[in-house]
Amino acid sequence: MLQELRERAALVALLQRPGAKWQDIALDVLEVGSAVTVLERGLRLQETLFPEADPVTSALAQAATSLAGWESAGIGVHACFDHDYPSQLRGIHQMPPLLFSRGVPAEDRRAIAVVGTRQASEQGLRIASVVARELALNKVTVVSGLARGIDTAAHTAALEAGGRTVAVIGTGVNRFYPNENQALQRRIAVEGAVLSQFWPDAPPSKQSFPMRNAVMSGYAAATVVVEAPWKSGARIQARLALEHGRPVVMPDRLLEHDWAREYSQRPGVHVVSGLGELLSVVEQVISDLHTGPEALPETAHLVATN
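Going by UniProt numbering, the letters in the sequence shown line up with residues 1 to 306, in that order.
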């Protein structure tokens with residue numbers, strides 16, 4: 001088994017163990033510098049108790065079989081130590097040790113999350129669509145969570161503009177949730193990318209969506225919150241984005257909510273009035289975060305269109 005495959009298989013084996021704490025394993029592997037070493041250390045006692053078996057070899061073989069099955073099904077598997085793992089996620093506390101993907105890999109350093117409530121208003125849907133379209137037209141990746149409402153509007157508008165969009169989902173990549181977005185998810189997997197930190201067949205759960213928001217926040221350079229009542233996952237993402245040191249942009253109409261008024265006083269939060277100002281602030285955020293060859297060209301400006 002090639003060393004690179006051994007390391008990836010060892011990480012999968014560690015995560016497949018009963019009671020495995022994924023976050024602790026990721027930190028341990030990065031600190032030690034080898035998933036194989038961490039696996040060997042963890043199985044040393046078992047090897048002593050059952051000398052006739054080689055638990056490390058057995059665990060690696062089982063994990064390699066899983067990896068081969070995922071690969072044959074067209075699923076990308078990205079370990080936190082792989083060169084193609086999104087570097088922007090390595091700096092967040094909730095870094096997933098594994099990412100599963102369907103779609104076209106890309107650096108996506110120029111990415112903005114557009115998020116909001118599932119129970120979106122007509123105005124909210126329009127704002128999400130316009131922002132996503134203008135981002136896409138200016139070669140900025142639109143990131144969202146494939147939920148009903150604002151997320152669906154953002155993904156759809158980015159695709160219709162011929163741009164790139166990335167869906168960070170709260171289930172495994174083999175699942176479709178909500179089911180009504182099955183066609184949209186399949187299209188994103190062809191024209192963009194679908195990412196998940198969960199096993200490919202994992203169903204949705206109450207805990208998985210806030211976890212998804214953490215990864216979405218870390219993946220994107222900034223988050224635009226279009227609409228978000230108190231219980232919305234978008235509010236959670238706004239908090240996480242600030243925790244990750246990512247700017248948050250929100251329309252002033254959100255100030256009707258207590259949480260938005262509180263957040264508006266924090267560094268890194270931009271409250272805007274109107275689509276024109278929102279797009280201008282997003283453009284400035286991108287310019288500030290990505291100077292040099294990857295910055296927006298001087299002639300490119302995000303302009304609200306009718």
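Backbone N, C-alpha and C fix where the C-beta goes; we use that ideal spot for every residue, glycine too.
According to DSSP, is S144 part of a helix, a strand, or is it coil?
Here the question's residue 144 lines up with position 144 in the sequence shown. Strand at S144.
In chain order, what are the residue ranges of uninterrupted alpha helix (DSSP H) at least 4 long that sit wholly in the stretch 78-163?
122-137 and 150-160
Taking the runs of the alpha helix (DSSP H) that are 4 residues or longer, which of them lie wholly in the stretch 5-56?
22-32, 35-42 and 44-49
Check whether the Cβ of L89 lies closer than 7 Å to any heavy atom of the ligand MN, and answer yes or no.
Within the structure as shown, the ligand MN is missing, as the structure has no ligands at all.
Given a threshold of 16 other Cβ atoms within 10 Å of its Cβ, counted over all protein chains shown, does L255 qualify as buried or as exposed?
Working through the sequence shown from its first residue, we reach residue 255 at position 255. Here L255 is exposed. Its C-beta has fewer than 16 other C-beta atoms within 10 Å.
So, under 8 Å CB-CB, V215 and Q23 are touching, yes? Tell me the CB distance rounded to an integer number of Å.
The residue you call residue 215 lines up with position 215 of the sequence shown. The residue you call residue 23 lines up with position 23 of the sequence shown. Not quite, the Cβ-Cβ distance comes to about 12 Å (not below 8 Å), so this is no contact.
With a Cβ-Cβ cutoff of 8 Å, do A157 and R187 count as a contact?
Taking the sequence shown and counting its residues from 1, one reaches residue 157 at position 157. Taking the sequence shown and counting its residues from 1, one reaches residue 187 at position 187. No, these two residues do not count as a Cβ contact at 8 Å.
Would the stretch 223-243 count as touching the stretch 205-214 if we require 3 or more Cβ pairs under 8 Å?
yes
Measuring straight from C-alpha to C-alpha, what distance separates R110 and A220?
For the purposes of this step, residue 110 is taken as the residue at position 110 of the sequence shown. For the purposes of this step, residue 220 is taken as the residue at position 220 of the sequence shown. Those two C-alpha atoms are separated by around 8 Å.
Report buried or exposed for Q16, applying the criterion of at least 16 other Cβ atoms within 10 angstroms of its Cβ.
By one-based count along the sequence shown, residue 16 stands at place 16. So Q16 ends up on the exposed side.
Using a Cβ-Cβ distance under 8 Å, would V115 count as near chain C?
Absence of chain C from the displayed structure is noted, only one protein chain being present.
Whether L5 touches A64 by CB criterion (8 Å):
Counted from its first residue, the sequence shown places residue 5 at position 5. Counted from its first residue, the sequence shown places residue 64 at position 64. Their beta carbons are under 8 Å apart, which means L5 touches A64 by this criterion.
Measure the alpha-carbon distance for W259 versus L240 and round it to whole angstroms.
Here residue 259 corresponds to residue number 259 of the sequence shown, with the count starting at 1. Here residue 240 corresponds to residue number 240 of the sequence shown, with the count starting at 1. Using only the alpha carbons, I get a separation of about 13 Å.
Between the beta-carbon of V131 and the beta-carbon of L242, is there less than 8 Å?
On the sequence shown, residue 131 is found 131 positions in, with the first residue counted as 1. On the sequence shown, residue 242 is found 242 positions in, with the first residue counted as 1. Their beta carbons are not under 8 Å apart, which means V131 does not touch L242 by this criterion.
Run of the beta strand (DSSP E) containing L195, from where it starts to where it stops:
As a working mapping, residue 195 is identified with position 195 in the sequence shown. Segment A193 to S196, the beta strand (DSSP E) holding L195.
Give me the Cβ distance between G172 and D201, rounded to the nearest whole Å; I'm assuming they're in contact under 8 Å.
In the sequence shown, counting from the first residue as 1, residue 172 sits at position 172. In the sequence shown, counting from the first residue as 1, residue 201 sits at position 201. Yes, G172 and D201 are in contact; Cβ-Cβ is about 5 Å, under 8 Å.
Please classify R8 as buried or exposed, where buried requires at least 16 neighbouring CB atoms within 10 angstroms.
In the sequence shown, counting from the first residue as 1, residue 8 sits at position 8. R8 comes out buried.
Identify the continuous alpha helix (DSSP H) that holds A260 and give its terminal residues.
Within the sequence shown, the letter at position 260 stands for residue 260. Counting along the chain, the alpha helix (DSSP H) containing A260 begins and ends at D258 to Y263.
To the nearest angstrom, how far is the alpha carbon of E298 from that of L39?
On the sequence shown, residue 298 is found 298 positions in, with the first residue counted as 1. On the sequence shown, residue 39 is found 39 positions in, with the first residue counted as 1. Annotation note: pLDDT 33 at E298 (below 50); position unreliable, coordinate value reported separately. Those two C-alpha atoms are separated by around 50 Å.
Let's see if you can read the secondary structure: which residues bound the beta strand (DSSP E) around P251?
Position 251 of the sequence shown holds residue 251. Note, P251: beta strand (DSSP E), V248 to P251.
With H, G and I counted as helix, E and B as strand and the rest as coil, what does DSSP make of A61?
The sequence position of residue 61 within the sequence shown is 61, counting from 1. Secondary structure at A61: helix, using DSSP grouped into helix, strand and coil.
Using the Cα positions of A228 and T117, report the straight-line distance between them to the nearest angstrom.
For this step, residue 228 is matched to residue 228 along the sequence shown. For this step, residue 117 is matched to residue 117 along the sequence shown. The alpha-carbon atoms of A228 and T117 are separated by roughly 5 Å.
With 16 other Cβ atoms within 10 Å as the buried cut-off, status of P105:
Here residue 105 refers to the residue found at position 105 of the sequence shown. Exposed is the call here.
Report the three-state DSSP secondary structure of A228 (helix, strand or coil).
Translated into positions along the sequence shown, residue 228 becomes position 228. The answer is coil: DSSP assigns A228 none of H, G, I, E or B.
Apart from the five residues on each side of it in sequence, which residues of its chain come closer than 6 Å, Cβ to Cβ, to I127?
Position 127 of the sequence shown holds residue 127. V226.
Opposing strand residues paired with A222 [DSSP bridges]:
Taking the first residue of the sequence shown as position 1, residue 222 is located at position 222. Beta-bridge pairing links A222 to I112.
Do you know how far the Cα of S87 is from the Cα of P247?
Position 247 of the sequence shown holds residue 247. Position 87 of the sequence shown holds residue 87. Roughly 18 Å between the two C-alpha positions.
Bounding residues of the alpha helix (DSSP H) (the contiguous stretch that carries A241)
Working through the sequence shown from its first residue, we reach residue 241 at position 241. Where A241 is concerned, the enclosing alpha helix (DSSP H) stretches over G233 to E243.
Residues bridged to V168 (per DSSP)
Numbered from its first residue, the sequence shown carries residue 168 at position 168. For V168, which the question treats as bridged, DSSP gives the partners L195.
In whole angstroms, give me the CA-to-CA distance for E52 and G42.
Counting from one through the sequence shown, the residue named residue 52 turns up at place 52. Counting from one through the sequence shown, the residue named residue 42 turns up at place 42. For E52, the pLDDT reaches just 49, beneath the cut-off of 50, and the residue's location in the model is therefore unreliable, leaving the point undetermined.
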